[in-house]
Amino acid sequence: GQNIDQPTEMTATEGAIVQINCTYQTSGFNGLFWYQQHAGEAPTFLSYNVLDGLEEKGRFSSFLSRSKGYSYLLLKELQMKDSASYLCAVRADSSASKIIFGSGTRLSIRP
Amino acid sequence: DTAVSQTPKYLVTQMGNDKSIKCEQNLGHDTMYWYKQDSKKFLKIMFSYNNKELIINETVPNRFSPKSPDKAHLNLHINSLELGDSAVYFCASSQGRGQLSYGYTFGSGTRLTVV
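The listed protein sequences correspond, in order, to chains A and B.
Counting from 43, one number per residue, gives the positions in the first sequence under the working numbering.
Counting from 17, one number per residue, gives the positions in the second sequence under the working numbering.
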């Protein structure tokens, strides 16, 4: 089966750093994505990891360990606008284009 | 210019009715998808078309029927609507089936409420 786990909710303070973890168990692996979804809006692409290691993009970084089935999204210098759900998603099959999503982590930023 | 556009944005209808949701993308992508997001915010794939060919068909009731007249359009028709069909339906597109380093581009969603 396919399983992607991430915490349901997290709270952090403006200006701080937060790490959102994701573990996955899938029949195959061909890339991991992080998406941001504000309430009532569409998910938007944040990052993609297919090899082990850290990918940095501005205030956001994403890490992958394929041997551990583990990823995290690191958000630095948090801003109020970062309050959103963060979805971890895995592409399990290289021959098709299906991406499987986790249920998302709702991040609340307090002043 | 909207990249992936869905209509309508909101849809309220009675049980037993038949309704359609339309999706169009102007990105030149060749693969399009329908996802359902339930009240727990869980996004689950329903269908995918590549160049008008059905490539993904998850376990979805056959009351749901996708139609792709061309690679820029993927519509979703739902027959005999049930209360459990209430959800937000997202259309998405991507370029290619193997190269997905930029993931999907999602439409803004259609909030379907069945009463």
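For every residue, glycine included, the Cβ atom is placed at its ideal position computed from N, Cα and C.
All values derive from a computational prediction rather than experimental measurement.
- Excluding residues up to 5 positions away in sequence, 79, 146, 148 lie with their Cβ nearer than 6 Å to the Cβ of residue 127(A) in the same chain.
- Chain-ordered listing is empty here: chain B has no CB closer than 7 Å to the CB of residue 93(A), the nearest sitting near 11 Å.
- Residue 112(A) is not a Cβ neighbour of residue 62(A), given a cutoff of 8 Å.
- C-alpha of residue 131(B) to C-alpha of residue 32(B): approximately 10 Å in a straight line.
- Assignment of residue 100(B) by DSSP, reduced to helix, strand and coil, places it in the helix class.
- Between residue 75(A) and residue 131(A), the CB-CB gap stays under 8 Å.
- Under DSSP, residue 118(A) shares a beta bridge with no residue.
- Shown here, residue 123(A) sits in a helix according to DSSP, grouped into three states.
- When CB distances to chain B are screened at a threshold of 8 Å, the residues of the stretch 102-133 of chain A falling below it are 127, 129, 131, 133, in chain order.
- Taking C-beta atoms as the reference points, residue 86(B) and residue 57(B) fail to come closer than 8 Å.
- Rounded to the nearest angstrom, the gap between the Cα atoms of residue 107(B) and residue 129(B) is 17 Å.
- Residues are counted here when their Cβ sits less than 8 Å from a Cβ of chain A; for the stretch 53-85 of chain B these are 56, 57, 58, 59, 60, 61, 64, 66, 71, 72, given in chain order.
- Three or more pairs of CB atoms, one per stretch, sit closer than 8 Å, so the stretch 38-57 of chain B contacts the stretch 117-126 of chain B.
- For residue 71(A), no CB of chain B lies under 8 Å from its own CB, so it is not counted at the interface with that chain.
- Here the alpha carbon of residue 106(A) sits roughly 36 Å from the alpha carbon of residue 77(B).
- About 7 Å separates the beta carbons of residue 140(A) and residue 64(B), which is inside the 8 Å limit, making them a contact pair.
- Straight across, the Cα-Cα distance linking residue 109(A) with residue 133(A) is about 16 Å.
- Residue 46(A) is positioned such that its CB atom lies no closer than 8 Å to that of residue 77(A).
- Distance between residue 26(B) and residue 102(B), taken at the CA atoms: about 11 Å.
- For residue 60(A), the CB contacts under 7 Å within the same chain, skipping 5 residues up- and downstream, are 52, 54, 117, 120, 149 in chain order.
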